[in-house]
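In our numbering, the protein residues as written are 20 to 177.
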């Protein structure tokens, strides 16, 4: 069954998490999960050619600027949760990995470090230029350990 959820919400499928599970930090190579059109497609790397939001270096907001997150409807969040429950996108259960997939899609960042500042906040650094964003995440469907995480908003701090 194909589930189209949109932007990072539909990031690629995978039976394995793209990197070590971690509650404090994660480092994911350029092959990190990136947007795809269905929940059953394989992970693909995000690049300016494949990500409409990352068409230029200007996609990264200026320092001090805030930006919206994934903006999923309740129905989209439920569909994404079902896909994860069925084994797709297990990285959706790890906030640093969700944050890295988000910045890969939104800003085209492919070489990043992510550090969980607290359970709902992840700081992501773009190794290429030192840019830093702080992302807020939440579990829109269920609060238990098997609930998916989505980015609600963020701010560029550096």
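No residue lacks a Cβ here, since even glycine has one placed at the ideal position from N, Cα and C.
- request: Check residue 159 in the structure and name its three-state DSSP category.
  value: Position 140 of the chain shown, counted from the start, is the residue given in the question as residue 159. In the structure shown, residue 159 sits in coil (DSSP, three-state: anything other than H, G, I, E or B).
- prompt: Just the Cα atoms here: how many angstroms apart are residue 151 and residue 175?
  reply: Your numbering for residue 151 matches position 132 in the chain shown. Your numbering for residue 175 matches position 156 in the chain shown. One C-alpha to the other measures close to 6 Å.
- request: Would you mind stating whether residue 170 and residue 97 have Cβ atoms separated by less than 8 Å?
  value: Sequence index remark: in the chain shown, residue 170 carries index 151 (1-based). Sequence index remark: in the chain shown, residue 97 carries index 78 (1-based). No, the Cβ-Cβ distance between residue 170 and residue 97 is not below 8 Å.
Identity of the residue in 108, 145 and 141 nearest residue 153 by Cα: Taking the first residue of the chain shown as 1, we reach residue 153 at position 134. Ranking the options by Cα distance to residue 153, first place goes to 141.
query: In terms of residues, what are the limits of the alpha helix (DSSP H) holding residue 104?
result: The sequence position of residue 104 within the chain shown is 85, counting from 1. Per DSSP, residue 104 belongs to the alpha helix (DSSP H) from 93–104.
query: In the structure shown, what three-state DSSP assignment does residue 57 receive?
result: Translated into positions along the chain shown, residue 57 becomes position 38. Summary for residue 57: the model assigns pLDDT 28, below 50, so the residue's position carries little reliability; its value from the coordinates is reported in the next sentence. DSSP, reduced to helix, strand and coil, places residue 57 outside both helices and strands of the structure shown, so it counts as coil.
field: Beta carbon of residue 78 nearer than 8 Å to that of residue 127
entry: As a first step, residue 78 must be located in the chain shown, where it is residue number 59. As a first step, residue 127 must be located in the chain shown, where it is residue number 108. Contact: yes.
field: Which of helix, strand or coil DSSP assigns to residue 146
entry: Indexing the chain shown from 1 puts residue 146 at position 127. DSSP places residue 146 in coil when its eight states are reduced to three.
task: Measure how close the beta-carbons of residue 172 and residue 147 come, nearest whole angstrom, since I'm counting them as under 8 Å.
output: If you number the chain shown from 1, residue 172 lands on position 153. If you number the chain shown from 1, residue 147 lands on position 128. About 23 Å; that fails the 8 Å criterion.
- prompt: Among the residues of its own chain, which have a CB less than 6 Å from the CB of residue 100, if the five just before and after it don't count?
  reply: In the chain shown, residue 100 corresponds to position 81, counting from 1. Excluding the 5 residues flanking it on each side, residue 100 has same chain C-beta neighbours closer than 6 Å at 160 and 167, in chain order.
task: Along the alpha helix (DSSP H) that carries residue 133, what are the first and last residues, could you check?
output: Walking along the chain shown from the start, residue 133 turns up at place 114. No alpha helix (DSSP H) holds residue 133; the beta strand (DSSP E) holding it covers 131–137.
query: Buried or exposed: which applies to residue 43, given that a residue is buried once 16 or more other Cβ atoms fall within 10 Å of its Cβ?
result: Counting from one through the chain shown, the residue named residue 43 turns up at place 24. At residue 43, the pLDDT of 36 sits below 50, so the modelled position is not reliable; the number obtained from the coordinates is stated separately. Residue 43 should be labelled exposed.
- prompt: Buried or exposed: which applies to residue 120, given that a residue is buried once 16 or more other Cβ atoms fall within 10 Å of its Cβ?
  reply: Here residue 120 refers to the residue found at position 101 of the chain shown. Buried: at least 16 other Cβ atoms inside 10 Å.
- prompt: Under 8 Å between the Cβ atoms of residue 157 and residue 139?
  reply: Sequence index remark: in the chain shown, residue 157 carries index 138 (1-based). Sequence index remark: in the chain shown, residue 139 carries index 120 (1-based). Result yes, Cβ atoms of residue 157 and residue 139 sit closer than 8 Å.
field: Residue(s) in a DSSP beta bridge with residue 111
entry: Stepping through the chain shown from its first residue, residue 111 is reached at position 92. In DSSP, residue 111 forms no bridge with anything.
- request: Give me whichever residues DSSP pairs with residue 122 in a beta bridge.
  value: Locating residue 122 in the chain shown gives position 103, counting from the first residue. Residue pairing from DSSP leaves residue 122 without any beta-bridge partner.
task: State yes or no: is the C-beta of residue 122 within less than 8 Å of the C-beta of residue 103?
output: The count along the chain shown starts at 1 and reaches residue 122 at position 103. The count along the chain shown starts at 1 and reaches residue 103 at position 84. No, the Cβ-Cβ distance between residue 122 and residue 103 is not below 8 Å.
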